[in-house]
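*Asks:*
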Amino acid sequence: MLTQIIKFIRVLGSEASPIQISMGIALAMIVGFTPLWSLHNLVVIFLLIILRINIGSFLLAWVFFSGVAYLLDPLFHSFGLSILQHEALHGTWTDMYNSTFWRVAHFNNTIVMGSLVISLLAFIPLVLLMNILIKRYRTHILTYIKKSKIATFLQSSKLVTRLSSMAE
Amino acid sequence: MKMIRWGGLSAIGVIVLMFAAAVFFAGSIIKSVMESNFTKLNGARVDIETVDVSYSPFGLTINNIQIADPQQAMLNTAQIEQVRFALSFGNMLLGKVIVDQASIDGVQIDTPRQISGLIEQAAEQQEKLEPEADDSIAMPDMHLPNIKELLEAETLLAEKLIDELEKDYAETEKRWNEINASLLNKSKSDQYEKRYKKIQQDAKGNAAQKLAAIKDAKQLSKELKAEAKAINQAKEQFSADSKRLSAELKAVKGAPSKDIARIKNKYNLGSMDAENISRMLFGDQVADYTAMARQWYARIEPYLSDDEEAKLQEVERGIGVYVVFKEFDPKPDMYVRKASLTANLPRGQFEGVITAISSDQSINKEPMRFKLQGVSLTNKESEKISGEFNYVDKKNGFSRFDYSVIKSNIDGFVISKSDSLPLTMKQALMDFNLDAKLQHGSLNGKVNAKFRKVNFDSADSSSMLASSFSGIDAFDIDGQFRGAIDELSIKIDSDLDSKLGQQLKNKLKQKKQAFDNELRASIDEKLKQPLSKVDAQKEKLDVIEGKVDASKKHLDQRLAALKQTISQASEQKKTEAADKLKNKLKDKFGF
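For the record, the sequence lines run as chains A and B.
First residue of the first sequence: 1315, per this note's numbering; consecutive thereafter.
First residue of the second sequence: 139, per this note's numbering; consecutive thereafter.
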């Protein structure tokens, strides 16, 4: 756990742009919330490989969101069920059900539907929020910490060196 | 900032290469998966030589499929040279095998295997299996059983009754002897005789003696009456015992007839008449076909039964629930719209079509139908088999089979291997029809066979039965079967019986009568000694009864004599008293 936190702090302090980190976190939310073996996750992985998105932040956030998903499963199920049973959408779902592509995508699974809709709805707000938070962290907290005497002392201490090597 | 990570493309390239490798080895992978799954389903090995995959259109060609018989390790239930079909790739991604057109070529049945078809688990189970009892139909046999051996094996009712009767006689004799001993014995009888004689003497004496005689006679009469009463009671007891023993003896004498009837019934000798000749002759064939039907039913039964119950979907954590919507063209997990079939069977080459092969007919709403027809047949004009597996309505699902052969040349068809009547149909022309329907585990159907231009050949041509067949050149057989597949009730009718003629019936009747007589004589011989013992016991009882009767008679005589003595003595006494009074009056009054 400590290792993960150190890794995350290192990622925040790395040279990666805030948007790369935020995108990694937001995509990790999709993969973490939704069942792993889903068609849309192939798209996510493809984007992760092709686009310059921070993979470190993605992996850390994936672990975090997978844990959160376990707690939110009942919510995903009931939300997905209400969407799939929505009268107005019945025709659409029936059409999609008769399409191989959507069937393979498991759109009719309550957890896939619920978690995907929630994660897609939260995607852009999360990217924007994380972007702002990372920028502020770097501007205020990280600069302040780097300039402080204690940081200078710790950087030269054996503990920090050891923790850093563990994180690597 | 550059958006694209060019290095990522190489990772995708690696993935594509891996996929290509998987495609390259797809045939081997599919072969292995198919063998494993089909073996599990069949309960014995299913071997596939090769699987070729084509991608445009996506299809499979499976070569040399050998489906082992779970019951016979070195035999294939079926061997298929090649199966070709095009698959719907999209449906396959959904876990469904949907085939529009398939061809199944070179089907053979019951082919030998090079290696054992048993899987380890099945082999263990088979080792534990008890050998199955021969449950073929019990045929009435022309051969009559050996009477000596038969009687040794049988416990006769007559013997049992004789044993019981002997015991009863012994107990009765003991009881009668005890009663007899308590009745009038010799010393007592001598005493009574002595007293009787004294009374007789006293009765001729003077008045006082006469008076004493009357008194003694009354006393003796009273005692003799008591004796007579005891004898009467004994006689009543004897009568009741005699009645019971007579009834038991009568039952003993009637028992041999019952034994004969029971033995004839047990060894199915009662039904041995000409009406059953067709059943006797063709029973073996029917039993063979029944066994074959049971074997095939056992093979296909696992695919017919539907034990799956509709399960309520439970919400499983992390799995969720799949909401089902209406499908425009619903298909089960496995569906083949049409499959053409060629089979090389021992009886000839067959071609046919199977439609709507489905793993769940309630989804595609159409029954599976098949039709096979013989082509370039030898020794027959045509042979067809068609059928329907209709499990659209699972509760009322049924299977139907129709089979027909027209103008089939019969050559050296062994009808009966019986020692008493070995019979072969040397030549004949046969038309055969079979309709059967299997529903709820019950098989109903009818069979009709018409034999024309028949030429029988019996090795035992000297027998009357065998020679009766020589005049028959045509006959029909009609059969009906009904009931559970392993307990079929079969009825066979044929005009063969009437054609065999009265002569055969008489011969059979004589044979039966001779058997009856011999059986009766043997039983009588067997019972002779026990019955003579019973007769001796009866004689003993008769002697006891005779003795008691004699005593009774003697007593009755004595009682009658005593009565007469008392009466005479009393009369004499009265006369004497009157004379005495008359004399006194004469002396006193002089008249």
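No residue lacks a Cβ here, since even glycine has one placed at the ideal position from N, Cα and C.
Given the structure is predicted, the values throughout are model-derived calculations rather than measurements.
Would you say leucine 764 of chain B faces chain A, with C-beta separation under 7 Å as the test?
*Replies:* Because residue 764 of chain B is not part of the residues shown, which for chain B are 139 to 729, the question remains open.
*Asks:* What's the C-alpha gap between proline 1388 of chain A and glutamine 246 of chain B?
*Replies:* 55 Å
*Asks:* Spell out the partners DSSP gives arginine 620 of chain B in its beta bridges.
*Replies:* B/Ser627
*Asks:* Anything in chain A within Cβ reach of lysine 503 of chain B, meaning under 7 Å, just list it in chain order.
*Replies:* Correct list: empty, because the minimum Cβ distance to chain A is about 17 Å.
*Asks:* Within 10 Å of its beta-carbon, does histidine 1400 of chain A have 16 or more other beta-carbons around it, so buried, or fewer, so exposed?
*Replies:* exposed
*Asks:* Between the beta-carbon of valine 1345 of chain A and the beta-carbon of tryptophan 1376 of chain A, is there less than 7 Å?
*Replies:* yes
*Asks:* From valine 738 of chain B to aspartate 633 of chain B, what distance separates their C-alpha atoms?
*Replies:* A query on residue 738 of chain B cannot be resolved here, the shown segment of chain B reaching from 139 to 729 and no further.
*Asks:* Note down the Cα distance separating asparagine 721 of chain B from lysine 342 of chain B, rounded to an integer number of angstroms.
*Replies:* 22 Å
*Asks:* For valine 221 of chain B, collect the residues of the same chain with a Cβ closer than 7 Å to its Cβ; drop the 5 residues on either side in sequence, then sort them by chain order.
*Replies:* Cβ neighbours of valine 221 of chain B beyond the five flanking positions: Ile200, Ile203, Ala240 and Ile242.
*Asks:* For the stretch 314 to 371 of chain B, which segments carrying the alpha helix (DSSP H) assignment without a break, of at least 4 residues, lie completely within its bounds, in sequence order?
*Replies:* 324 to 341
*Asks:* For threonine 493 of chain B, which three-state DSSP category applies?
*Replies:* strand
*Asks:* Runs of 4 residues minimum, wholly inside the stretch 1386 to 1464 of chain A: which ones carry the alpha helix (DSSP H) assignment?
*Replies:* Within the stretch 1386 to 1464 of chain A, the runs of alpha helix (DSSP H) at least 4 residues long that lie entirely inside it are, in chain order, 1404 to 1411, 1414 to 1418, 1424 to 1450 and 1457 to 1461.
*Asks:* Rounded C-beta distance between isoleucine 186 of chain B and lysine 169 of chain B? I'm assuming under 8 Å.
*Replies:* Confirmed, Cβ separation roughly 5 Å.
*Asks:* For the stretch 1448 to 1466 of chain A against the stretch 1412 to 1422 of chain A, do three or more pairs of beta-carbon atoms, one drawn from each stretch, fall closer than 8 Å, so that the two count as touching?
*Replies:* no
*Asks:* Going straight from the alpha carbon of asparagine 528 of chain B to that of alanine 566 of chain B, what length do you get?
*Replies:* 37 Å
*Asks:* Using a Cβ-Cβ distance under 7 Å, would leucine 1365 of chain A count as near chain B?
*Replies:* For leucine 1365 of chain A, the answer is yes, since a Cβ of chain B falls inside 7 Å of its Cβ.
*Asks:* Any idea what DSSP makes of arginine 1366 of chain A, helix, strand or coil?
*Replies:* coil
*Asks:* Using the DSSP secondary-structure output, state which residues sit across from glutamine 204 of chain B in a beta bridge.
*Replies:* BP columns for glutamine 204 of chain B point to B/Asp185 and B/Gln217.
*Asks:* Rank B/Arg143, B/Ala159 and B/Asp207 by C-alpha distance to the C-alpha of alanine 436 of chain B and give the top, closest one.
*Replies:* B/Asp207
*Asks:* Just to make sure I have the definition right: I need the residues of chain A whose C-beta is within less than 8 Å of the C-beta of alanine 149 of chain B. Which are they?
*Replies:* Ile1363
*Asks:* Output the boundary residues of the beta strand (DSSP E) element that contains glutamine 1334 of chain A.
*Replies:* First-last for glutamine 1334 of chain A: 1332 to 1347, but that is the alpha helix (DSSP H), not the beta strand (DSSP E).
*Asks:* Cβ of histidine 1354 of chain A less than 7 Å from any chain B Cβ?
*Replies:* no
*Asks:* How would you list, in chain order, the residues of chain A whose beta-carbon sits under 8 Å from the beta-carbon of glutamate 465 of chain B?
*Replies:* Tyr1411 and Asn1412
*Asks:* With DSSP run on the structure shown, which of helix, strand or coil describes serine 274 of chain B?
*Replies:* In this predicted model, serine 274 of chain B has a pLDDT of only 38, less than 50, meaning its place in the structure is not dependable; the value taken from the coordinates is given anyway. Assignment of serine 274 of chain B by DSSP, reduced to helix, strand and coil, places it in the coil class.
*Asks:* How many angstroms separate the CA atom of glycine 1394 of chain A from the CA atom of leucine 1386 of chain A?
*Replies:* 12 Å
*Asks:* Hey, could you find the ends of the beta strand (DSSP E) glutamine 499 of chain B is sitting in?
*Replies:* Careful: glutamine 499 of chain B lies outside any beta strand (DSSP E), inside the alpha helix (DSSP H) at 499 to 502.
*Asks:* Let me check one thing: in DSSP terms, what residues is asparagine 547 of chain B bridge-paired to?
*Replies:* B/Leu567
*Asks:* Check this for me: beta carbons of phenylalanine 536 of chain B and glutamine 499 of chain B, under 7 Å apart or not?
*Replies:* no
*Asks:* Please report the Cβ distance between leucine 321 of chain B and valine 686 of chain B, rounded to the nearest whole angstrom; I am assuming they are in contact, meaning their Cβ atoms lie under 8 Å.
*Replies:* 7 Å
*Asks:* Hey, does asparagine 1423 of chain A have any beta-carbon neighbour from chain B nearer than 7 Å?
*Replies:* yes
*Asks:* Note down, in chain order, every chain B residue with its Cβ under 8 Å from the Cβ of tryptophan 1416 of chain A.
*Replies:* Scanning chain B for C-beta atoms nearer than 8 Å to the C-beta of tryptophan 1416 of chain A yields nothing, as the closest lies near 10 Å away.
*Asks:* Is the stretch 475 to 493 of chain B touching the stretch 455 to 464 of chain B in the sense that three or more CB pairs, one from each, lie closer than 8 Å?
*Replies:* no
*Asks:* Within 8 Å, do at least three Cβ pairs link the stretch 695 to 704 of chain B to the stretch 331 to 351 of chain B?
*Replies:* yes
*Asks:* Suppose you measure from the CA of isoleucine 1397 of chain A to the CA of tryptophan 1416 of chain A; what does that come to, to the nearest Å?
*Replies:* Computed Cα separation, rounded: 16 Å.
*Asks:* Distance check for glutamate 173 of chain B and aspartate 631 of chain B, CA to CA, integer angstroms please.
*Replies:* So the alpha carbons of these two residues sit roughly 47 Å apart.
*Asks:* When the Cα of methionine 1337 of chain A is compared with those of A/Leu1442, A/Arg1450 and A/Lys1460, which residue comes out closest?
*Replies:* A/Leu1442
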